Amino acid sequence: MKAVILAGGFGTRLSEETVFRPKPMVEIGGKPILWHIMNLCAVHGIHELIIALGYKAEIIKEYFLHFYAINNDLTVDLARGETIIHGTNHLPWKVHLVDTGLHTQTGGRLKRVEKWLEDDETFMFTYGDGVADLDIAALQTFHQAHGKLATVTTVRSPARFGRITFDGKRVATFYEKPQASEGWINGGYFLLNRRALDYIDGDDTVWERDPVEQLAQDGELMGYQHYGFWSCMDTLKEKNMLEELWNSGKAPWKIW
116 MKAVILAGGF
126 GTRLSEETVF
136 RPKPMVEIGG
146 KPILWHIMNL
156 CAVHGIHELI
166 IALGYKAEII
176 KEYFLHFYAI
186 NNDLTVDLAR
196 GETIIHGTNH
206 LPWKVHLVDT
216 GLHTQTGGRL
226 KRVEKWLEDD
236 ETFMFTYGDG
246 VADLDIAALQ
256 TFHQAHGKLA
266 TVTTVRSPAR
276 FGRITFDGKR
286 VATFYEKPQA
296 SEGWINGGYF
306 LLNRRALDYI
316 DGDDTVWERD
326 PVEQLAQDGE
336 LMGYQHYGFW
346 SCMDTLKEKN
356 MLEELWNSGK
366 APWKIW
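Count along the sequence shown from 1, then add 115; that gives the number in the numbering used here.
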């Protein structure tokens, strides 16, 4: 199974960091949060990743172009102009870096990577700013069992996030960031059949609005309830909280 990770937004609520780099490259414990998300995928056997780029795309491209040099020992022979990478840190990732436009909305970015997916393929879709101790294998089993086009991982969180209501396990309503709400919210980890992308009109489509709401109305969206740890990294306060958890050696999302 492949994973699509959105990494193109401006990250305006974390401007203390994102003025210099895209939010997925903001570091937790000396590693970009994108690296943490990729490790969560890898521990569940997802090794092929499609990263949808936009804002400061060149920084993410440079990171992966120099990934082995950054993460291994080097010998630089200045006299000969040679560099030797003493590569022992080999990871099984294949990473597709796809420019999806500077101002493209979340749904539009997802639609732009459609050509990288096979017909009727099921894939994971998430954002480049959220971590969880999510059991992706269990999520996949749940998705396969219900046979619908889409599964959203739901988590508990404060009222500033969108609200989800259930009819059994079927998502009955999906409200993106109402004025006041409590209960289950969008945790940002989806499993989708490629046909779910037919609900996206184009670059200006916000995934969390018309497409997801229509999927819910059509009975094609199911909710997997995750009771464990989850956090996004929208603000400096949240970034610092994740940093403290990592430095304590007790980061709940480090399941690799």
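Cβ atoms here follow ideal geometry from the backbone N, Cα and C, with glycine treated the same way.
Just so we're clear, the structure is a prediction, and the values are computed from it rather than from any experiment.
State the start and end residues of the unbroken beta strand (DSSP E) segment that holds residue i.
i       : result
Ala-172 : That residue, Ala-172, is in no beta strand (DSSP E); its alpha helix (DSSP H) goes 172–180.
Ser-130 : Segment 130–133 is the alpha helix (DSSP H) holding Ser-130; no beta strand (DSSP E) there.
Thr-127 : Note, Thr-127: premise wrong, no beta strand (DSSP E); not H, not E.
Leu-189 : 188–192
If we count the other Cβ atoms within 10 Å of its Cβ and call it buried at 16 or more, is residue i buried or exposed?
i       : result
Ala-122 : buried
Lys-117 : buried
Trp-76  : Absent from the structure is residue 76, since the part of the chain shown begins at 116 and ends at 371.
Arg-195 : exposed
Glu-359 : exposed
Glu-335 : buried
Thr-133 : buried
Glu-323 : buried
Leu-164 : buried
His-159 : buried
Phe-135 : exposed
Asn-308 : buried
Ala-253 : exposed
Pro-367 : exposed
Using DSSP's beta-bridge definition, name the partner residues of residue i.
i       : result
Trp-231 : None, per the DSSP bridge assignment.
Cys-156 : Paired residues: none, contrary to the question.
Thr-280 : Thr-288
Pro-147 : Glu-142
Glu-163 : Lys-117, Lys-209
Thr-203 : For Thr-203, which the question treats as bridged, DSSP gives no partner whatsoever.
Ile-300 : Val-270
Ala-366 : For Ala-366, which the question treats as bridged, DSSP gives no partner whatsoever.
Leu-306 : Met-239, Thr-266
Val-122 : In the sequence as presented, Val is not what sits at residue 122; that position holds Ala. According to DSSP, Ala-122 bridges with Leu-168.
Thr-198 : Val-191
Hey, would you say residue i sits closer than 7 Å to residue j, going by beta carbons?
i       : j       : result
Leu-212 : Lys-176 : yes
Asn-186 : Ile-200 : no
Asp-319 : Gln-220 : yes
Ser-265 : Leu-312 : Position check: residue 265 holds Ala in this sequence, whereas Ser was assumed. Their beta carbons are not under 7 Å apart, which means Ala-265 does not touch Leu-312 by this criterion.
Thr-338 : Val-267 : It should be pointed out that residue 338 corresponds to Gly in this sequence rather than to Thr. Yes, the Cβ-Cβ distance between Gly-338 and Val-267 is below 7 Å.
Gly-302 : His-341 : yes
Gly-169 : Leu-129 : no
Gly-245 : Val-321 : no
Gly-243 : Ile-120 : yes
Val-210 : Ala-167 : no
Where are the alpha helix (DSSP H) runs, 4 residues long or more, that stay fully inside the segment 219–268, in chain order? Qualifying alpha helix (DSSP H) stretches, in chain order: 221–227, 251–261.
Could you pull out every unbroken alpha helix (DSSP H) segment of at least 4 residues lying fully inside the segment 308–350, listed in chain order? 325–332
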